[in-house]
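*Asks:* Before I ask anything, here is the structure I am working with.
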Amino acid sequence: MPSLLLRNADVLVTMDAERREIAGGGVYVEDNRIVAVGAPDALPGTADAVIELAGHVLLPGLVNTHHHMYQTLTRAVPAAQDADLFGWLRALYPIWARLTPEMVGVSTRTAMAELMLSGCTTSSDHLYVFPNGCRLDDAIEAADAIGMRFHAARGAMSVGESQGGLPPDGLVEDEAAILADTRRLIERWHDPARFAMRRIVVAPCSPFSVSRGLMRDAAALARAYGVSLHTHLAENQSDVEYSRAQFGMSPAEYAADLGFVGHDVWHAHCVKLDAPGIALFARTGTGVAHCPCSNMRLASGIAPVPRMRRAGVAVGLGVDGSASNDGGTLLGEARQAMLLARVGHGPAAMTAREALEVATLGGARVLNRDDIGALAPGMAADLVAFDLTGLETAGALHDPVAALVFCAPQRVALSVIDGRVVVREGRLVTLDARALAARHNALAARLVRGES
Ligand SMILES: [Zn+2]
């Protein structure tokens, strides 16, 4: 089996149980599995491929727990630049109704390329609009092509405007068809094994676009197959008010009522999760995808992340959809998580190392995985290295690990996913980024202008 040796990093950040940081450390990989981690004397002298990492920090690949990759086609759309969540959605729904299968494939590649160049090796994506023959398979095939570890969430909307929901009637699906397609996807693509590159997630979009019945049926379906559940929850004050008016419950109470709690469930945002909700999530192992940029962009508020973490809630990071960020850099998201926690809760609310922990181990826990998020023997070979010899970190090398979060977000120099080098010297090796951006821009123009 092929072996790979990464060695002599300025600092190796393990995120192992002792949170060891090893000067001059490295990692030895066989096939897709980490075999040895540590100082040079703990590693073999050579391998089929050897990469020298002097001048770099080497760490576990970052994990993105919430995204809507198709939205990379609708970044910075003028009508949606300055709205809150519901206004933003109403401006974008009619545009998204023109999405095509090619657009899903190309936008997924673009979003994944951007994530991979910012240190991300595993991502979830929540696709919840399926007009014009679009299928989740279009996104999964794109992930296979670019080589990213992927948790593909089959989203859905079933309550249109005429039924009191937010989306236009033309963008919602029949509930029986949603469940049948979700079942098909699990049977076709889901891999429950360790080191899986593809998992399917059952993910009705949000309480304001899906019926109570579909939420319950979705939870039952996920549990029957042993797959995870995901949705949006308590994103802003209007979301909480909708929950109280429609269901007579707080968002957390509604989630519990539907069966949307447990170690196999994670919710995006939770900006307005109340104290009983935090206690419920901690008790049940329910995870949270924290999306600081999106929460600032839509003025949703400041999520109580330090309180959640103190209570024991699993918190990971999400860049969220690229129409509400509008960037998909995960290292940048870790930085924003640290900064926003401080704005909301004081200067000691989150350290740089805690931000990196949320971005790695936190994300792994949220996705219900024990094989990614740390560098240790027996873990999947997902690793990234950042070059510290450039301008961005000049003057910050007294603490290279903190520099990754405090200084301007960088591009990754090296990325290995499942034992395969996918970024080398800052360039994607699995696709041509310039050609991809050109095709993406052409499709985005067609989508937003409505030209056929
Ligand atoms: Zn979202």
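Heads up: the sequence shown is residues 17 to 468, going by the working numbering. Ideal placement from N, C-alpha and C gives every residue a C-beta, glycine not left out. As the structure is a prediction and not an experimental result, all values here were calculated from the model.
1) With SER225 as the anchor, note down where its beta strand (DSSP E) starts and where it stops.
2) Quick check on THR124: buried or exposed, where buried means 16 or more other Cβ atoms within 10 Å of its Cβ?
3) Tell me whether GLY337, by its Cβ, gets closer than 7 Å to a heavy atom of ligand 1.
4) Within the same chain, show all residues whose beta-carbon is closer than 6 Å to that of LEU21, passing over the 5 residues directly before and after it, in chain order.
5) Relative to the C-alpha of ILE38, which candidate in VAL53, GLU46, ASN48, ASP47 has its C-alpha closest?
6) So ALA365 and ALA357 are supposed to be a Cβ contact under 8 Å. How far apart are they, rounded?
7) How far does the beta strand (DSSP E) with ILE433 in it extend, from its first residue to its last?
8) Is there contact between the segment 152 to 164 and the segment 114 to 128, where contact requires at least three CB pairs shorter than 8 Å?
9) When DSSP labels each residue in this structure, what does ALA172 get in the three-state scheme?
10) For the beta strand (DSSP E) that contains VAL464, what are its first and last residues?
11) What did DSSP end up calling PRO76 once you bin it into helix, strand or coil?
12) With a threshold of 7 Å (Cβ to nearest heavy atom), would HIS414 be considered close to ligand 1?
13) With H, G and I counted as helix, E and B as strand and the rest as coil, what does DSSP make of PHE297?
14) Pull up the DSSP beta-bridge partners for ASP141, would you.
15) Are the beta-carbon atoms belonging to PRO223 and ALA234 less than 8 Å from one another?
16) Need the endpoints of the alpha helix (DSSP H) that ASP255 sits in, please.
17) Quick check: the segment 310 to 322 against the segment 162 to 179, are there 3 or more CB pairs under 8 Å?
18) With hydrogens ignored, establish whether the beta-carbon of HIS142 is closer than 7 Å to any heavy atom of ligand 1.
19) With contact counted as at least three CB pairs below 8 Å, one residue from each stretch, are the segment 67 to 77 and the segment 23 to 33 in contact?
20) So, ALA284 versus ARG91, is the Cβ gap smaller than 8 Å?
21) Assess contact between the segment 246 to 253 and the segment 286 to 305, defined as three or more Cβ pairs (one per stretch) separated by less than 8 Å. Is contact present?
22) What's the C-alpha gap between LEU108 and ALA192?
23) Drop a sphere of 10 angstroms on the beta-carbon of ASP415, count the other beta-carbons inside from all chains shown, and report buried for 16 or more, exposed for fewer.
*Replies:* So, from the listed chains and residues:
1) Note, SER225: premise wrong, no beta strand (DSSP E); not H, not E.
2) Its Cβ being crowded by 16 or more others within 10 Å, THR124 is buried.
3) It does: the Cβ of GLY337 is within 7 Å (strictly closer) of some heavy atom of ligand 1.
4) TYR44, ALA63, VAL66.
5) Just measuring C-alpha positions, the residue of VAL53, GLU46, ASN48, ASP47 sitting nearest ILE38 is VAL53.
6) 4 Å between Cβ atoms; contact.
7) Residues 430 to 433.
8) Taking 8 Å as the limit for Cβ pairs, the verdict is that the segment 114 to 128 does touch the segment 152 to 164.
9) If DSSP states are grouped into helix, strand and coil, ALA172 belongs with the strands.
10) Unbroken run through VAL464 is the alpha helix (DSSP H), 449 to 465; no beta strand (DSSP E).
11) DSSP, reduced to helix, strand and coil, places PRO76 within a strand of the structure shown.
12) Relative to the non-hydrogen atoms of ligand 1, the Cβ of HIS414 never comes closer than 7 Å to any of them.
13) In the structure shown, PHE297 sits in a helix (DSSP, three-state: H, G or I).
14) The partner list for ASP141 (beta bridge, DSSP) reads ALA168.
15) Against a cut-off of 8 Å, the Cβ pair of ALA234 and PRO223 comes out as no contact.
16) Counting along the chain, the alpha helix (DSSP H) containing ASP255 begins and ends at 253 to 263.
17) Verdict: no, contact absent.
18) The nearest non-hydrogen atom of ligand 1 is less than 7 Å from the C-beta of HIS142.
19) Touching, per the Cβ criterion.
20) No, Cβ-Cβ distance for ALA284 and ARG91 is not below 8 Å.
21) Because the criterion of three Cβ pairs below 8 Å is met, the segment 246 to 253 and the segment 286 to 305 touch.
22) Going from the Cα of LEU108 to the Cα of ALA192 covers about 26 Å.
23) Exposed: under 16 other Cβ atoms inside 10 Å.
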